[in-house]
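For reference, the structure is listed below as structure tokens.
Protein chains: 2
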Amino acid sequence: MNAVISESIEEYMQQLGRRAREASAELAMAAPGVKNEALQAIAGQLESRRETIREANRRDLEQGRADGLDAAMLDRLELTDERIDAMIEGLRQIIALPDPVGEITDMDYRPSGVQVGKMRVPLGVIGIIYESRPNVTIDAAALCLKSGNASILRGGKEAIHSNQAIAGCVQAGLKQAGLPEAAVQVVETTDRAAVGALLRMKEHVDVIIPRGGKGLIERVAAESRIPVIKHLDGICHVYVDDQADLDKAKAIAINAKTRRYGVCNAMETLLLAEGVAETLLPDLAAAYEEKGVELRGCPRSREILPSMLPASEEDWSTEYLAPILSIRVVPDMEAAIEHINRYGSHHTDSMVSENFSRARRFLAAVDSSSVMINASTAFADGFEYGLGAEIGISTDKIHVRGPVGLEGLTSQKYVVFGDGHTRP
Amino acid sequence: MNAVISESIEEYMQQLGRRAREASAELAMAAPGVKNEALQAIAGQLESRRETIREANRRDLEQGRADGLDAAMLDRLELTDERIDAMIEGLRQIIALPDPVGEITDMDYRPSGVQVGKMRVPLGVIGIIYESRPNVTIDAAALCLKSGNASILRGGKEAIHSNQAIAGCVQAGLKQAGLPEAAVQVVETTDRAAVGALLRMKEHVDVIIPRGGKGLIERVAAESRIPVIKHLDGICHVYVDDQADLDKAKAIAINAKTRRYGVCNAMETLLLAEGVAETLLPDLAAAYEEKGVELRGCPRSREILPSMLPASEEDWSTEYLAPILSIRVVPDMEAAIEHINRYGSHHTDSMVSENFSRARRFLAAVDSSSVMINASTAFADGFEYGLGAEIGISTDKIHVRGPVGLEGLTSQKYVVFGDGHTRP
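Heads up: the sequence lines are chains D and X, in that order.
Here the first sequence stands for residues 357 to 780, numbered as in our numbering.
Here the second sequence stands for residues 357 to 780, numbered as in our numbering.
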């Protein structure tokens, strides 16, 4: 930190950027075995420095309590032994994944005689900006490393000591494997100006991934001069069609809402076709009540179940992240699609229906990163999709949509093989 | 245009944006046959309005001459009968391409029992900003339409009458096929403020593609609040290794430079391994001289061929787009890779070598959108790569690299099929 104090934040960040760019060339060429060796060494460091990490984390927790952080934030900040175990297990899982870099696909002979295909390559340098969970430091470092990208990690100021302790493990692990230490750099200053500087370093950073609350993500998206892969809201819907199997509908509607409340793939609005609303709503309401879910209904749904609170226009575009559910009765699937595309956040939306033609239409017409038929929105997750790991869920359309794993951190270049071929 | 005059440019552009966003939902769902019908109808309109188009073009040419445009610019502006034929032929080629929208791939059963795959979908609304070639209006409209995207096209002010005449054909064709006219909108004002307004309409436009000179592209990249797919320079290299087949080397070095001078995939710097420089340089220089190519050499190459002009540091990062070639002798492939990654523009670079291990290394280490072995850089082209058509060549890393065809104008969303599946 002494070096930091003596320089301006801008210069400090520029230096991180230059070092990352240099390291990225080496990292892009690192053999899969070497990258895995580094990940293994980092896991070993986490294990052996467990007490140092917990001690650093205790300092953050103390400071957090002194600063009046709420219980939820303190919980996210805490590194228990189980969470350190989970970090180590996460590394093991990433080690086990196939290396995405260098994969050559679609090699076809063209009429000219040259062979043309694509090679998967790292993006270069990835900047990750996150908030209070210190385990993101390991997740992000590992995913970037495995995908051959250098990374600059900027965690929340609440977790600064924990993040520095984890950074120590990463540095030691990289060194053990003979990889450049600048392959993963954890920003050492808590000055907010560092974020602004990072978002301007177009020449050194290829993509920015913000992880955290909506405020952070909106700030990053508005300020960044570098492409951003981001996840805004998760306003997810389940639509129960009048040709739904009602048992499936109940199971999915309950699971999508109540499995976990604070996650982005939780259902926030349930849409019921007029044809099934009267049959389904009382049963569902009873089940939700049992779980303590507050229901807010449209006028038609309150005719069926007057005990529900009324939903306001604002409810349709609210991500509750809480045991609250808005319910709307719609005339048919087309109205459901319209509602979803208008009020939703293009994250994950599911229809329950046995009708084949409607399934085809729903899949094509709903403009979301995950569109499901007869499955709970809770499945929208990198592990469930087989990505092996996930750096986030993109609600953008450019580059990558939905859960982002190793492949989302890469790009493809063209490779052309000839035998002295020239173009007429 | 009356409507335009009575409103502010900002409001006018906002209106185009809203209409495009609305049309994009319809277009995303348009059947392949309907889109092809529209393309066919547009081709018919171009044919039947040929005289109107040429007349409008003559007005642009007259104005251009009055404004003192240079011969090259007037040439780019001119729509001869052959160029109108080429526009019609271009449409036919795009009609013949497979429709990218709705393709579902990688459907795998996951351990949970749900089936997960990806569906190819349009990006939404694409803004294209281009300069004096009016044929871009048809190319861009057709590629966006076929890929299910609404488009807002902003051509150069020099081509305003030609572009409006072509827009008339597009509008009539869309109408004939029953597609919304706002599927393709050509900006009617030449006010530069329209570009600024377009680049700020994040809520209505999903991606911006600038096509034209470096000045335009740099302005767009700097100003845009929307993701940009862009092509900056084409500083392409051929490196002749000391294990090259010299006949192949000569053929490729001549073809890559002299096939066409003003194109982005033309070689601008020739790198020769020390081991072959003395043998190869005199022959190559004679061939270049015959074609009228000016050679600018590094000190070592001028020892071999003192008649060459000296190359300055600036030459290594210059895109000549002209019969000028810089030549540098390098000790080995590693030095060539370093030169390419440092001075090149990450566009297209080729190595001539028979050495298998070096080919593997060169392919992985050169950070360019196309990397070639024993082939001329002139092959870097959407048609040669089998894309069928090309909206440009991306030198970016995010979303798409290299020649951009229909697939580059799409994204993929996840689709999940279940049978009432819930997540434990």
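Note that the Cβ used here is the ideal one computed from N, Cα and C, for glycine as well.
What is the DSSP secondary structure of residue i, counted as helix, strand or coil?
i	result
D/Leu743	coil
D/Arg684	strand
D/Thr635	helix
X/Val584	strand
D/Ala629	strand
X/Gly761	coil
D/Ile591	coil
X/Pro388	helix
X/Met429	helix
X/Asp416	helix
D/Arg567	strand
D/Pro780	coil
X/Arg476	strand
D/Glu544	coil
X/Glu675	coil
X/Glu434	coil
X/Glu574	helix
D/Glu624	strand
Do you know whose CA, among the options, lies nearest residue i's CA?
i	options	result
X/Gly569	X/Gly373, X/Glu675, X/Gln520 and X/Arg448	X/Glu675
X/Ile516	X/Ser750, X/Val543, X/Ile508 and X/Glu537	X/Val543
X/Asn392	X/Ala609, X/Gly511, X/Asp431 and X/Lys502	X/Lys502
D/Ser724	D/Thr704, D/Phe712 and D/Thr733	D/Thr704
D/Leu669	D/Gln449, D/Ser682, D/His702 and D/Val481	One detail in the question is off: residue 669 of chain D reads as Glu in this sequence, not Leu. Closest by alpha carbon: D/Ser682.
X/Gly430	X/Glu438, X/Gly420, X/Asp437 and X/Leu383	It should be noted that the sequence gives Leu, not Gly, for residue 430 of chain X. For the residues X/Glu438, X/Gly420, X/Asp437 and X/Leu383, the minimum Cα distance to X/Leu430 belongs to X/Gly420.
X/Gly373	X/Thr778, X/Gly590 and X/Ile482	X/Ile482
X/Arg716	D/Ser663, D/Ser673, D/Ser709 and D/Val772	D/Val772
X/Glu763	X/Ile450, X/Val390, X/Arg415 and X/Leu602	X/Ile450
X/Thr625	X/Val584, X/Glu659, X/Cys592 and X/Ile444	X/Cys592
X/Asn505	D/Gly761, D/Lys753 and D/Thr778	D/Lys753
X/Glu740	D/Lys558, D/Gly511 and D/Pro467	D/Pro467
D/Ala399	D/Ala386, D/Val576, D/Arg448 and D/Glu367	D/Arg448
X/Tyr486	X/Ile460, X/Ile749 and X/Arg567	X/Arg567
What residue range does the beta strand (DSSP E) around residue i cover?
i	result
D/Ser767	Thr766 to His777
D/Glu650	Glu650 to Gly653
X/Gln599	Careful: X/Gln599 lies outside any beta strand (DSSP E) and carries neither H nor E.
D/Met664	Unbroken run through D/Met664: none, as it is neither H nor E.
D/Thr461	Ile460 to Tyr465
Tell me where the alpha helix (DSSP H) around residue i begins and ends.
i	result
X/Tyr368	Ile365 to Ala384
X/Asp437	Asp437 to Ala452
X/Ile608	Leu602 to Thr614
X/Val551	Ala549 to Arg556
Problem - Runs of alpha helix (DSSP H) wholly within the segment 478-536 of chain X (minimum 4 residues, chain order) - result: 491-502 and 516-532
Exercise for the section: Return the residues of the segment 710-721 of chain D that lie within a Cβ-Cβ distance of less than 7 Å from chain X, sorted by chain order. Expected result: Leu719, Ala720 and Ala721
Problem - beta strand (DSSP E) segments (min. 3 residues) lying fully within the segment 690-750 of chain X - result: 704-708, 726-731 and 748-750
Practice task
Scan the segment 453-466 of chain D for residues whose Cβ lies nearer than 7 Å to a Cβ of chain X and list them as they occur along the chain.
Solution key: Gly458, Asp464 and Arg466
Practice task
Please list the residues of the segment 470-491 of chain D that have a C-beta atom closer than 7 Å to any C-beta atom in chain X, keeping them in chain order.
Solution key: Contact residues of the segment 470-491 of chain D toward chain X are Val470, Val472, Met475, Leu479 and Gly480 (C-beta to C-beta distance below 7 Å).
Problem - chain X contacts made by the segment 737-767 of chain D, where a contact means CB separation under 7 Å - result: Glu740, Tyr741, Gly742, Lys753, Ile754, His755, Arg757, Gly758 and Ser767
Exercise for the section: Can you give me, in chain order, the residues of the segment 723-736 of chain D that have a beta carbon less than 8 Å from any beta carbon in chain X? Expected result: Asp723, Ser724, Ser725, Ser726, Val727, Met728, Ile729, Asn730, Ala731, Ser732, Ala734, Phe735 and Ala736
Practice task
Name, going along the chain, the residues of the segment 519-539 of chain X whose beta-carbon falls closer than 8 Å to a beta-carbon of chain D.
Solution key: none
Exercise for the section: Anything in the segment 576-599 of chain D with a Cβ closer than 8 Å to a Cβ of chain X? List those residues in chain order, please. Expected result: Cβ proximity to chain X below 8 Å picks out Pro583 from the segment 576-599 of chain D.
Handout entry: Interfacial residues, the segment 605-623 of chain D to chain X, with Cβ spacing under 7 Å
Key = Residues of the segment 605-623 of chain D with a Cβ closer than 7 Å to any Cβ of chain X, in chain order: Ala607, Ile608, Asn611 and Arg615.
Exercise for the section: Pull out every residue of the segment 371-388 of chain D whose Cβ sits closer than 8 Å to any Cβ of chain X, in chain order. Expected result: Ala381, Ala384 and Met385
Problem - Proximal residues, the segment 541-565 of chain X versus chain D, C-beta separation under 8 Å - result: Asp562 and Val563
Handout entry: chain X contacts from the segment 698-709 of chain D (Cβ-Cβ distance under 7 Å)
Key = none
Handout entry: Residues of the segment 637-662 of chain X whose Cβ lies closer than 7 Å to any Cβ of chain D, in chain order
Key = none
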